[in-house]
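Residue numbers (the working numbering): 267 to 664.
For glycine and all other residues, C-beta sits at the position ideal for the given N, C-alpha and C.
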Amino acid sequence: MIAIGRELRQRGFEVVISLSEPYAAIAQHAGLTVEPVISTDQFHEMVGDPAVWKTVRGVRRVLQAMSDHFVRPHHEVIRRHLRPGKTILVSHPLDYASRVIRESELATPLVDIHLQPVVLRTPQSPPKMTPWWFEISRPAWAVRLLYYLADHLGLDPVIRPAVNQLRSEYSLPPIRRVLNEWWLSPDRVIAMYPKWYAPETEIFCPRLVHAGFPLDDLDDRPLEPPPERPVVFTAGTAHFHGRRFFQRAVASCQELGLPGLLLSPHADNFPSQLPANVHTSSYVSLSKLLPHCQAIVHHGGIGTTSQSLAAATPQVIRPLAFDQFDNATRIHRLGCGVWLKRDAQLASTLQRLIGDRSTAQHCRDVAEQMSGMNGAQTAADEIASVYDRSLRHDGPKV
Numbered sequence: 267m268i269a270i271g272r273e274l275r276q277r278g279f280e281v282v283i284s285l286s287e288p289y290a291a292i293a294q295h296a297g298l299t300v301e302p303v304i305s306t307d308q309f310h311e312m313v314g315d316p317a318v319w320k321t322v323r324g325v326r327r328v329l330q331a332m333s334d335h336f337v338r339p340h341h342e343v344i345r346r347h348l349r350p351g352k353t354i355l356v357s358h359p360l361d362y363a364s365r366v367i368r369e370s371e372l373a374t375p376l377v378d379i380h381l382q383p384v385v386l387r388t389p390q391s392p393p394k395m396t397p398w399w400f401e402i403s404r405p406a407w408a409v410r411l412l413y414y415l416a417d418h419l420g421l422d423p424v425i426r427p428a429v430n431q432l433r434s435e436y437s438l439p440p441i442r443r444v445l446n447e448w449w450l451s452p453d454r455v456i457a458m459y460p461k462w463y464a465p466e467t468e469i470f471c472p473r474l475v476h477a478g479f480p481l482d483d484l485d486d487r488p489l490e491p492p493p494e495r496p497v498v499f500t501a502g503t504a505h506f507h508g509r510r511f512f513q514r515a516v517a518s519c520q521e522l523g524l525p526g527l528l529l530s531p532h533a534d535n536f537p538s539q540l541p542a543n544v545h546t547s548s549y550v551s552l553s554k555l556l557p558h559c560q561a562i563v564h565h566g567g568i569g570t571t572s573q574s575l576a577a578a579t580p581q582v583i584r585p586l587a588f589d590q591f592d593n594a595t596r597i598h599r600l601g602c603g604v605w606l607k608r609d610a611q612l613a614s615t616l617q618r619l620i621g622d623r624s625t626a627q628h629c630r631d632v633a634e635q636m637s638g639m640n641g642a643q644t645a646a647d648e649i650a651s652v653y654d655r656s657l658r659h660d661g662p663k664v
């Protein structure tokens with residue numbers, strides 16, 4: 267979202283972004299007006315909860331936190347900056363306040379940004395939601411029934427009260443099944459991945475545009491390539507409970523004699539004793555690092571997944587929650603990596619992957635397709651197009 271905001275600012279927009287406080291400095295560096303709506307303590311309390319990283323409970327915990335701490339403050343931010351007839355709203359999948367305002371302020375267009383395909387419901391070809399082999403994926407009516415049950419038993423009770431409370435303040439009737447279709451903008455939906463990554467999403471939503479991956483990691487600092495081509499291990503910047511993951515990483519590097527680089531902003535994740543062939547870092551720009559690496563082992567977040575594809579780096583994905591199972595499935599289908607089902611198999615999996623010529627060729631083929639891809643730029647162009655079609659042009663654009 268920050269990268270898109272920077273692109274919009276270069277097109278003459280005043281860009282206001284509400285976000286979690288830990289990301290405020292990055293947005294400010296990009297020239298955006300920042301409105302932190304979730305404090306650092308609240309953010310760390312949420313992502314530091316082990317239940318957040320559980321397959322089923324994690325989604326409810328995140329939605330509950332958003333309902334409790336984000337919907338109301340974010341709505342207040344919008345009301346402070348909204349200029350009817352001059353403002354376009356750009357929403358994240360967890361932003362329900364913008365959708366309510368779009369329904370009440372018809373002169374204010376809304377563009378949805380979806381970073382990963384898992385959030386869009388495609389009953390004919392549903393995303394992978396769990397690690398379970400018996401997950402229902404057909405027929406389509408059974409998948410629709412599963413979505414219905416998930417809404418009524420798990421999701422709506424968490425998010426519907428906050429959404430309907432906000433709607434009542436605009437004299438809008440209450441709704442059910444917030445995440446079924448209502449939350450999608452009637453104006454434009456932008457998928458921040460290429461069509462070939464999830465072609466079924468376009469069929470589901472005709473007003474959807476595939477912008478491609480946003481590969482700019484907003485880090486202009488130069489990076490000296492590592493002296494040896496390491497295997498990179500990362501559990502994600504928001505994961506506080508990665509110690510066992512990194513212990514297994516170190517053991518695998520020792521067993522195979524591979525150089526390893528462990529990435530985490532949380533130093534407590536790292537083992538206290540490391541062999542000479544394994545190093546650590548709190549942060550490295552993946553777009554600059556990965557072209558110089560043998561492979562990457564990661565959690566399956568869409569950002570790490572897309573950067574690995576762009577760098578033609580083979581991937582071992584150990585998913586935990588959210589969109590990670592779906593991304594692992596798609597990487598396996600593309601032939602660019604494997605889904606690690608058992609931690610004990612990490613060393614043997616790495617050994618096979620690094621020497622596999624077919625995987626290397628698939629990685630190069632996909633990276634070639636991504637050459638020149640700039641999802642943030644494409645998304646900003648589409649947002650500006652919606653603005654130009656919908657709003658007046660005198661005065662500042664917000």
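Residue i in three-state terms, based on DSSP
{"i": "residue 647", "result": "helix"}
{"i": "residue 527", "result": "strand"}
{"i": "residue 478", "result": "coil"}
{"i": "residue 532", "result": "coil"}
{"i": "residue 545", "result": "strand"}
{"i": "residue 299", "result": "strand"}
{"i": "residue 608", "result": "coil"}
{"i": "residue 489", "result": "coil"}
{"i": "residue 437", "result": "coil"}
{"i": "residue 630", "result": "helix"}
{"i": "residue 387", "result": "coil"}
{"i": "residue 622", "result": "coil"}
CA-to-CA distance, residue j to residue i, given in whole angstroms
{"i": "residue 576", "j": "residue 566", "result": "15 angstroms"}
{"i": "residue 550", "j": "residue 529", "result": "8 angstroms"}
{"i": "residue 546", "j": "residue 311", "result": "25 angstroms"}
{"i": "residue 560", "j": "residue 623", "result": "13 angstroms"}
{"i": "residue 410", "j": "residue 390", "result": "9 angstroms"}
{"i": "residue 596", "j": "residue 587", "result": "15 angstroms"}
{"i": "residue 606", "j": "residue 581", "result": "10 angstroms"}
{"i": "residue 347", "j": "residue 414", "result": "36 angstroms"}
{"i": "residue 585", "j": "residue 385", "result": "16 angstroms"}
{"i": "residue 647", "j": "residue 271", "result": "11 angstroms"}
{"i": "residue 397", "j": "residue 591", "result": "6 angstroms"}
{"i": "residue 318", "j": "residue 557", "result": "32 angstroms"}
Neighbourhood of residue i by C-beta distance below 7 angstroms, restricted to the same chain and skipping five residues each side
{"i": "residue 370", "result": "436, 438"}
{"i": "residue 363", "result": "337, 340, 341, 344, 432"}
{"i": "residue 304", "result": "286, 287, 335, 336"}
{"i": "residue 361", "result": "340"}
{"i": "residue 594", "result": "566, 583, 585, 605"}
{"i": "residue 491", "result": "558"}
Residue burial classification, residue i (beta-carbon count within 10 angstroms, cutoff 16)
{"i": "residue 641", "result": "buried"}
{"i": "residue 501", "result": "buried"}
{"i": "residue 449", "result": "buried"}
{"i": "residue 394", "result": "buried"}
{"i": "residue 539", "result": "exposed"}
{"i": "residue 665", "result": "Outside the shown range of the chain, which is 267 to 664, sits residue 665, and nothing can be said about it."}
{"i": "residue 376", "result": "buried"}
{"i": "residue 614", "result": "exposed"}
{"i": "residue 621", "result": "exposed"}
{"i": "residue 541", "result": "exposed"}
{"i": "residue 306", "result": "exposed"}
{"i": "residue 499", "result": "buried"}
Spatial neighbours of residue i in its chain, beta-carbon cut-off 8 angstroms, leaving aside the 5 residues before and after
{"i": "residue 421", "result": "325, 326, 329, 444, 445"}
{"i": "residue 267", "result": "283, 285, 356, 358, 379"}
{"i": "residue 408", "result": "402"}
Residues near residue i by beta carbon distance below 6 angstroms, same chain, minus five either side
{"i": "residue 511", "result": "501"}
{"i": "residue 468", "result": "474"}
{"i": "residue 354", "result": "375, 653"}
Query raised in the report: Any contact of the stretch 321-330 with the stretch 276-286, i.e. 3+ C-beta pairs under 8 angstroms?
Result: no
Query raised in the report: If you pair each beta-carbon of the stretch 625-634 with each one of the stretch 596-611, do three or more pairs fall below 8 angstroms?
Result: yes
Report task. Evaluate the contact criterion for the stretch 444-459 versus the stretch 513-520: three or more CB pairs, one atom per stretch, below 8 angstroms. Result -> no
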